[in-house]
Amino acid sequence: MREMSTTSISGLPFMKMHGLGNDFVVVDARAQDVSVTPAMAKAIGDRHFGVGFDQLAVIGNGDGDAHLTFYNADGSTSAACGNATRCIARYLMDESGATSLDLTTDRGNLRAEDRGDGITAVNMGQPQLLWHEIPLASEMDTLELPIEGAPTATGMGNPHCTFFVEDVSAIALESFGPAIEHHPLYPQRTNVQIAQIVGQNHLRMRVWERGVGVTWASGSSSCACAVAAARRGLTGRNVRVDLDGGTLQIDWREDGVWMTGQTVHVFSGVLTQAFLEGIA
Numbered sequence: 011m012r013e014m015s016t017t018s019i020s021g022l023p024f025m026k027m028h029g030l031g032n033d034f035v036v037v038d039a040r041a042q043d044v045s046v047t048p049a050m051a052k053a054i055g056d057r058h059f060g061v062g063f064d065q066l067a068v069i070g071n072g073d074g075d076a077h078l079t080f081y082n083a084d085g086s087t088s089a090a091c092g093n094a095t096r097c098i099a100r101y102l103m104d105e106s107g108a109t110s111l112d113l114t115t116d117r118g119n120l121r122a123e124d125r126g127d128g129i130t131a132v133n134m135g136q137p138q139l140l141w142h143e144i145p146l147a148s149e150m151d152t153l154e155l156p157i158e159g160a161p162t163a164t165g166m167g168n169p170h171c172t173f174f175v176e177d178v179s180a181i182a183l184e185s186f187g188p189a190i191e192h193h194p195l196y197p198q199r200t201n202v203q204i205a206q207i208v209g210q211n212h213l214r215m216r217v218w219e220r221g222v223g224v225t226w227a228s229g230s231s232s233c234a235c236a237v238a239a240a241r242r243g244l245t246g247r248n249v250r251v252d253l254d255g256g257t258l259q260i261d262w263r264e265d266g267v268w269m270t271g272q273t274v275h276v277f278s279g280v281l282t283q284a285f286l287e288g289i290a
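Remember, this note's numbering sits 10 above the position in the sequence shown when you count from 1.
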């Protein structure tokens, strides 16, 4: 077999990471000029013809330790992605030896901390609870929306719609999710969570992610779900959230919503120049 050259690789380096199965392609653009288009994000996100991801994250230079930009698998953008932020924070802390970071996003400034044993926490900021902040199409009570099931609306830099049900396994999320994602009350579409109370300050949640579909986990959705449960008096403000891919601890404090859990850097690779040039 012809040997692969390791000295003349051309293309775009990337990393594959995940937080509880919520998976990401991460591009470090701090030392290179990377221009991501919706078509490029969509092509890389294709799990058959590209790499596949729930979100593409680009690390850039910013006022803090780094600036993060996020793209969904359909090529659309998102101001926030909690699990990707934790993954990147872990990578940057391992790189620098720092135990805390200040990251900037379109959501705002986010603080990340090393909690030891590979566990990373990120402060996702204060939730957006007013209708125009989320945003919704018109003024209304965000605690119980006029949608069957009376879900709660929350903003975490991206919009969320949380339903509390008796049994999350009884909901056909593959059909339920897209109907709610495109509900006319949400002009920018929405992430959808179905959650059940399984114990004191303990939630079981499944996620339909805007622009992606069913995901194994979602950081911002976990934050939104925990905030909604606390607002409705179903839990306290420090809760365990069990997702299809694992568990996150969410703590809604005075300084914001902290999300803590594990991350994995799976592998690093290079998108070939031929692949990049073939993107329409």
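Glycine included, every Cβ here is placed at the ideal spot set by N, Cα and C.
{"Query": "Excluding the 5 residues flanking E176 on each side, which residues of the same chain have their C-beta closer than 8 Å to its C-beta?", "Result": "Q206"}
{"Query": "Which same chain residues, not among the five before or five after T152, have their C-beta less than 8 Å away from its C-beta?", "Result": "L139, L140, W141, I144, L146, T162, A163, T164"}
{"Query": "Alpha carbon to alpha carbon, what distance is there between G255 and D84?", "Result": "22 Å"}
{"Query": "Can you tell which of T95, N211, I190, G167 has the C-alpha that lies nearest to the C-alpha of I204?", "Result": "I190"}
{"Query": "Just the Cα atoms here: how many angstroms apart are D116 and L78?", "Result": "8 Å"}
{"Query": "Grab me the residues of Q42's own chain with a C-beta within less than 8 Å of its C-beta, minus the 5 sequence neighbours each way, in chain order.", "Result": "none"}
{"Query": "Quick one: Cα of D362 to Cα of A108, how far?", "Result": "Because the chain spans 11 through 290 in this model, residue 362 falls outside it and cannot be assessed."}
{"Query": "Please name the residue, chosen from V46, H28, V35, C91, that lies closest to E287 on a Cα-to-Cα basis.", "Result": "V46"}
{"Query": "For A90, I'd like the list of residues in its chain whose CB is within less than 6 Å of its CB, leaving aside the five on either flank, ordered along the chain.", "Result": "R117, M166, G167, N168, S230"}
{"Query": "For N248, which residues does DSSP report across the bridge?", "Result": "D261"}
{"Query": "Per the DSSP calculation, M269 is bridged to which residue(s)?", "Result": "V132, I260"}
{"Query": "Which term fits F174, buried or exposed, when burial requires 16 or more other beta carbons within 10 angstroms of its beta carbon?", "Result": "buried"}
{"Query": "With three or more C-beta pairs closer than 8 Å as the rule, is the region 245 to 261 touching the region 212 to 228?", "Result": "yes"}
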